[in-house]
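S.K.:
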Amino acid sequence: MLELRLVQGSLLKKVLEAIRELVNDANFDCSATGFSLQAMDSSHVALVALLLRSEGFEHYRCDRNLSMGMNLNNMAKMLRCAGNDDIITIKADDGSDTVTFMFESPNQDKIADFEMKLMDIDSEHLGIPDAEYHAIVRMPSAEFARICKDLSSIGDTVVISVTKEGVKFSTAGDIGTANIVCRQNKTVDKPEEATVIEMQEPVSLTFALRYMNSFTKATPLSETVTISLSSELPVVVEYKIADMGYIRFYLAPKIEEGEEDMKP
Amino acid sequence: MLELRLVQGSLLKKVLEAIRELVNDANFDCSATGFSLQAMDSSHVALVALLLRSEGFEHYRCDRNLSMGMNLNNMAKMLRCAGNDDIITIKADDGSDTVTFMFESPNQDKIADFEMKLMDIDSEHLGIPDAEYHAIVRMPSAEFARICKDLSSIGDTVVISVTKEGVKFSTAGDIGTANIVCRQNKTVDKPEEATVIEMQEPVSLTFALRYMNSFTKATPLSETVTISLSSELPVVVEYKIADMGYIRFYLAPKIEEGEEDMKP
Amino acid sequence: MLELRLVQGSLLKKVLEAIRELVNDANFDCSATGFSLQAMDSSHVALVALLLRSEGFEHYRCDRNLSMGMNLNNMAKMLRCAGNDDIITIKADDGSDTVTFMFESPNQDKIADFEMKLMDIDSEHLGIPDAEYHAIVRMPSAEFARICKDLSSIGDTVVISVTKEGVKFSTAGDIGTANIVCRQNKTVDKPEEATVIEMQEPVSLTFALRYMNSFTKATPLSETVTISLSSELPVVVEYKIADMGYIRFYLAPKIEEGEEDMKP
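Protein sequence lines correspond, in order, to chains A, B and C.
Residue numbers for the first sequence follow our numbering, beginning at 133 and rising by one.
Residue numbers for the second sequence follow our numbering, beginning at 133 and rising by one.
Residue numbers for the third sequence follow our numbering, beginning at 133 and rising by one.
#1: I think residue 250(B) touches residue 229(B), with their Cβ atoms under 8 Å apart; what is that distance to the nearest whole Å?
#2: Three Cβ pairs or more, each shorter than 8 Å: is that satisfied between the region 370-387 of chain C and the region 169-187 of chain C?
#3: Less than 8 Å between the beta carbons of residue 324(A) and residue 356(A), yes or no?
#4: How would you call residue 207(A), buried or exposed, if buried means at least 16 neighbouring beta carbons within 10 angstroms?
#5: According to a CB-to-CB cut-off of less than 9 Å, which residues of the region 261-284 of chain C neighbour chain A?
#6: When DSSP labels each residue in this structure, what does residue 273(C) get in the three-state scheme?
#7: May I have the straight-line CA-CA distance separating residue 142(B) from residue 214(B), to the nearest angstrom?
#8: How would you write the range of the alpha helix (DSSP H) that residue 146(C) sits in, first residue to last?
#9: Quick check: residue 341(A) and residue 288(A), are their CB atoms within less than 8 Å of each other?
#10: Are the CB atoms of residue 209(C) and residue 285(A) within a distance shorter than 8 Å?
#11: Contact criterion: CB-CB distance below 8 Å. Does residue 189(A) meet it with respect to chain B?
#12: To which residues does DSSP link residue 172(A) through a beta bridge?
#13: For the alpha helix (DSSP H) containing residue 158(A), list its first residue and its last residue.
#14: What runs of the beta strand (DSSP E), each 3 residues or longer, lie entirely inside the region 269-322 of chain A?
#15: Could you spell out the range, first to last residue, of the alpha helix (DSSP H) harbouring residue 346(B)?
#16: Just to confirm, is the Cβ distance from residue 266(A) to residue 370(A) under 8 Å?
#17: In its own chain, which residues sit with a C-beta less than 6 Å from the C-beta of residue 190(A), not counting the 5 before and 5 after it?
#18: If residue 130(A) and residue 150(A) are in contact, beta carbons under 8 Å, what's the gap, nearest whole angstrom?
#19: At a Cβ threshold of 8 Å, is residue 243(A) touching chain B?
#20: With three or more C-beta pairs closer than 8 Å as the rule, is the region 293-312 of chain C touching the region 268-281 of chain B?
#21: Report the residues of the region 153-168 of chain B with a CB closer than 8 Å to any CB of chain C, ordered along the chain.
#22: What does residue 248(B) touch in chain C if you count any residue whose Cβ is under 7 Å from its own?
#23: For residue 135(A), tell me which candidate among 347(A), 166(A), 240(A) and 368(A) has the shortest Cα-Cα distance.
#24: Can you tell me the Cα-Cα spacing of residue 242(C) and residue 282(A), whole angstroms?
#25: Would residue 171(A) pass as a contact of residue 147(A) if the rule is Cβ separation under 8 Å?
#26: Quick check: what's the CA-CA separation for residue 396(A) versus residue 176(A)?
#27: So which of 152(B), 199(B) and 222(B) has the shortest CA-CA distance to residue 252(B)?
#28: Would you give the residue range spanned by the beta strand (DSSP E) that residue 136(A) belongs to?
#29: Alpha carbon to alpha carbon, what distance is there between residue 292(A) and residue 386(A)?
#30: Distance cutoff 8 Å, beta carbons only. Does residue 212(A) sit that close to anything in chain B?
#31: Can you tell me whether DSSP reads residue 259(B) as helix, strand or coil?
#32: Determine whether the Cβ of residue 236(B) lies closer than 8 Å to any Cβ atom of chain C.
#33: By the 7 Å beta-carbon criterion, what residues does the region 293-322 of chain B contribute toward chain A?
#34: Buried or exposed for residue 272(A), please, with buried defined as at least 16 other CB atoms from any protein chain shown within 10 angstroms of its CB.
#35: State yes or no: is the beta carbon of residue 358(B) nearer than 8 Å to at least one beta carbon in chain A?
#36: Grouping DSSP H, G and I as helix and E and B as strand, with all else coil, what is residue 412(C)?
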């Protein structure tokens with residue numbers, strides 16, 4: 133039996149909005165450790181990994197490991213029916229082919245049960261080894277989202293170049309070119325407004341803006357985003373979920389001829 | 133001659149927005165009692181009844197009973213040109229084939245006259261007898277609107293079931309099922325936030341969500357909605373209009389085979 | 133070399149939004165006097181004239197007169213990437229076929245360079261002689277925008293009639309007629325809320341609402357609009373740009389048969 137109670141239910145709503153543009157169907161894996169998901173996007177170019185640790189739930193009961201295949205758009209439809217202040221409980225019986233989302237209003241006057249059919253989804257879990265990155269940029273997530281959106285009005289790809297002084301986002305298209313430089317800045321009033329660069333060596337990599345823009349759907353989950361870059365590895369765009377875990381997006385850089393890697 | 137002056141003109145704008153989705157053309161009936169309308173929706177399934185009592189107007193002159201056929205979309209186009217703080221006056225000369233809406237800004241600096249052609253509309257006035265209902269639910273109108281909208285993302289019909297403890301709204305569709313229970317709750321800070329149930333006997337009836345969603349366009353008119361249910365009668369969804377009257381929507385329950393009643 | 137630095141960069145964004153609906157491609161003319169533009173709309177019915185005087189810029193360097201042909205939609209795409217608090221600098225080298233827009237965030241943490249290709253655009257500069265107008269109406273720009281929008285839901289043209297007492301906007305269409313009268317009113321709390329009429333002789337002229345609605349895209353630039361009317365001249369709809377200049381729109385009145393003038 134599975135019963136996961138999350139007082140801050142709006143967080144689960146935001147998680148779904150963050151990944152449903154990228155992934156249609158996916159298995160949610162429940163274990164004693166937490167509630168997690170790993171899935172390739174439908175074109176098999178980007179990978180998303182979600183972890184919500186069991187300690188972050190008010191109540192977390194998971195008698196045995198369970199993998200539940202869900203259509204994320206249908207799940208999002210149901211979660212959108214939860215109020216932003218509602219407590220959300222995810223429930224499933226062992227062997228059942230349905231999952232129930234229960235929404236309780238803060239004053240307990242309104243209680244909703246949404247029951248959704250589960251799906252069988254083939255998936256292979258990729259082991260993602262810990263890696264050393266050439267450069268790690270932490271910056272305000274809203275700033276990163278704004279930059280990706282702005283550059284999309286000019287071009288299709290972004291070159292991210294990191295030096296000690298700052299990170300540069302560049303694009304080019306039919307109507308012209310654009311360069312946006314964010315300087316390292318640790319002396320800000322609020323730590324979440326800082327732009328902090330940890331660099332082993334300079335790096336300059338090209339990515340499809342379309343995917344970057346999809347990743348930024350996770351912006352409401354965290355005030356900061358961390359971008360980890362290395363010339364031989366997919367970039368990791370990570371949004372921390374306070375006290376609970378993270379959403380990480382992986383995307384291979386575009387190589388010379390504009391080919392995308394990381395396909396199976 | 134007809135001259136009806138309504139200081140709170142925004143109320144008339146809200147009335148039009150509440151009914152124009154359901155009804156295209158209708159006769160407004162003016163008498164010494166008030167300004168009223170009764171009309172079937174275009175598919176002849178739902179009935180809407182509006183009453184604005186003469187006492188609610190700042191000035192009310194109606195020399196003889198008058199029935200004015202109007203296209204509600206055109207009327208709404210004109211009323212949308214009134215500012216939210218404007219005073220609205222409805223004027224018509226005896227025997228004229230036009231009606232004039234006059235909008236005065238609060239400081240009288242701006243005065244607008246909109247003259248609209250009237251239409252000949254056949255209509256029969258249904259007598260709606262007072263009835264005893266098995267259950268009457270009063271609840272916050274925004275809550276009811278939210279529930280109808282949420283359930284529409286899952287299914288096409290809603291089962292409304294009333295017991296002493298609360299009212300349950302249920303639906304089912306391809307992606308799963310949903311149940312939302314609102315408990316009776318009279319101990320709230322503001323009386324308009326209460327959910328109050330008067331029940332003679334339990335009742336459980338099925339309705340098309342499409343119509344319920346249309347009815348909730350009246351939500352801006354009142355903070356509460358009253359739903360009167362009886363197994364042999366159309367449901368009445370009523371929005372009171374403060375100090376003036378009401379909008380009432382009538383809809384027959386769906387019977388076993390999913391057939392709709394109340395057709396002519 | 134050209135380098136124009138505008139601390140209040142949002143102003144340039146608003147200028148572009150004000151004219152890009154009307155004009156696709158246009159030459160911006162830079163001289164010691166200022167940064168200006170004059171262009172006919174694509175159907176050659178309306179004329180727009182912009183002036184941003186050099187004194188209004190924080191830094192203004194223009195070594196020799198320069199005419200830069202730009203696609204206004206592309207320019208607007210780039211300017212939309214500037215934050216509302218950004219400082220905008222327009223830069224061009226002599227003989228270059230590109231222009232650069234530089235956006236600096238207030239704290240200098242983020243610096244963006246957008247480079248746009250210039251175009252060769254044939255244009256003739258019309259001399260617009262100073263003229264005497266029969267009537268000049270100054271009124272809140274939001275009020276004028278609202279009136280043009282409201283009348284558009286009824287008809288296609290507006291008759292603007294000025295008397296000593298006020299200005300009347302009228303239209304007629306299939307569903308009826310509308311008249312909106314704004315009375316002269318100088319006794320207001322804030323001078324920008326006044327409606328002031330300077331009249332030599334009464335005037336009544338007809339204009340296409342479609343163009344009037346385009347002109348009102350400039351509303352965010354100024355709290356007041358000035359409408360100058362004369363029976364033999366195009367109307368001038370002017371939005372002052374504080375401390376810098378103006379946008380003026382010219383439109384010929386419709387004559388008896390509904391023909392438009394001012395075509396080449």
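Glycine residues also receive a C-beta, built at the ideal position from the N, C-alpha and C atoms.
None of the values given here were measured: they were computed from a predicted structure.
M.R.: Walking through what the data contain:
#1: 5 Å
#2: yes
#3: yes
#4: buried
#5: none
#6: helix
#7: 8 Å
#8: 142-151
#9: yes
#10: yes
#11: no
#12: 179(A)
#13: From DSSP, residue 158(A) is part of no alpha helix (DSSP H) but of the beta strand (DSSP E) over 157-162.
#14: 289-294, 298-305 and 308-315
#15: 341-347
#16: no
#17: 137 and 139
#18: One cannot answer for residue 130(A) here, as it falls past the ends of chain A, which runs 133 to 396.
#19: yes
#20: no
#21: none
#22: 307 and 308
#23: 166(A)
#24: 13 Å
#25: no
#26: Unreliable positioning characterises residue 396(A) in this predicted model, as indicated by a pLDDT of 40, which lies under 50. The coordinate reading is nonetheless provided below. Between residue 396(A) and residue 176(A), the C-alpha separation is close to 7 Å.
#27: 199(B)
#28: 134-138
#29: 11 Å
#30: yes
#31: coil
#32: no
#33: 307, 308, 309, 310, 311, 312, 313, 314, 315 and 317
#34: buried
#35: no
#36: Since the first and last residues shown for chain C are 133 and 396, residue 412(C) lies out of range.
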